[in-house]
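Going by our numbering, the first residue of the sequence shown is number 9, and it counts up by one from there.
Just so you know, even glycine gets a beta-carbon here, dropped at the ideal spot from N, CA and C.
This structure is a prediction, so every number in the text was calculated from the model and none was measured.
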Amino acid sequence: MRRIIGLFIVLLAAYLTMTLLKSVFPRPRYRTVVLGYEGIGFVPWYSPVSGAADLEQAFGLSSDEFRSFPSGHSILSASAVYILPSLSWIIPKLKDKQLVLSIVGLVFGCTIMFTRIIVGAHYLSDVSAGAIIGTLLSIVYTIIQLRLSVKQNQSIGST
Numbered sequence: 009m010r011r012i013i014g015l016f017i018v019l020l021a022a023y024l025t026m027t028l029l030k031s032v033f034p035r036p037r038y039r040t041v042v043l044g045y046e047g048i049g050f051v052p053w054y055s056p057v058s059g060a061a062d063l064e065q066a067f068g069l070s071s072d073e074f075r076s077f078p079s080g081h082s083i084l085s086a087s088a089v090y091i092l093p094s095l096s097w098i099i100p101k102l103k104d105k106q107l108v109l110s111i112v113g114l115v116f117g118c119t120i121m122f123t124r125i126i127v128g129a130h131y132l133s134d135v136s137a138g139a140i141i142g143t144l145l146s147i148v149y150t151i152i153q154l155r156l157s158v159k160q161n162q163s164i165g166s167t
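Written out as structure tokens, the structure is:
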């Protein structure tokens, strides 16, 4: 049960990180820039757009069109590398398939990240930042799981 709680804590951290960064760095999506709205052009990720709310209103755009950085899909799909192997805790038939599940998670994550660029939802920097955040969170997740395993083994050994 502790392992699953650890998984949910890391996923919550991923969501909160994504939400915070999208609020701090409003950036128009690639597809919005390409459509050529006056006053909406390329903006580096580190230079938030000022007046995004005014531009949304002026052109009837949803607020999501200025939430490109970082890619939330990339953060969460990078997390698939450690989420899928976690299924082995719940489904006994998958106990010895953790490596295969990790590879499937990696292929799935890379596919999602690549398609976010293809559909014009994100720039490469948005996807790269999401992948880095997802990877860092997977390291945190791995540390949590290793500590839980050590504690569990110690409690089993002391009985």
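Quick one, are the C-beta atoms of V41 and F50 less than 7 Å apart?
For V41 and F50, yes; Cβs fall inside 7 Å.
Straight-line CA distance for S163 to S133?
Straight-line Cα distance between these residues: approximately 45 Å.
Find the nearest neighbour of Y54 within the set L144, R155, A137 and T123, judged by alpha-carbon distance.
Nearest of L144, R155, A137 and T123 to Y54, Cα basis: A137.
State the DSSP-derived secondary structure class of R11, mapped to helix, strand or coil.
It is helical.
Taking contact to mean at least 3 C-beta pairs separated by less than 8 Å, is the segment 107 to 115 in contact with the segment 150 to 163?
No: fewer than three Cβ pairs fall under 8 Å.
Closer than 8 Å is the cut-off here; do at least three beta carbon pairs connect the segment 108 to 127 with the segment 57 to 66?
Touching, no.
Report the partner residues of R75 according to the DSSP bridge assignment.
Paired residue(s): R35.
Quick one: Cα of P52 to Cα of F74, how far?
Whole-angstrom Cα-Cα distance: 13 Å.
Skipping 5 residues on each side, what residues in its chain have a beta carbon closer than 7 Å to that of S87?
These residues qualify, in order along the chain: L19, A22, G142, L145 and S146.
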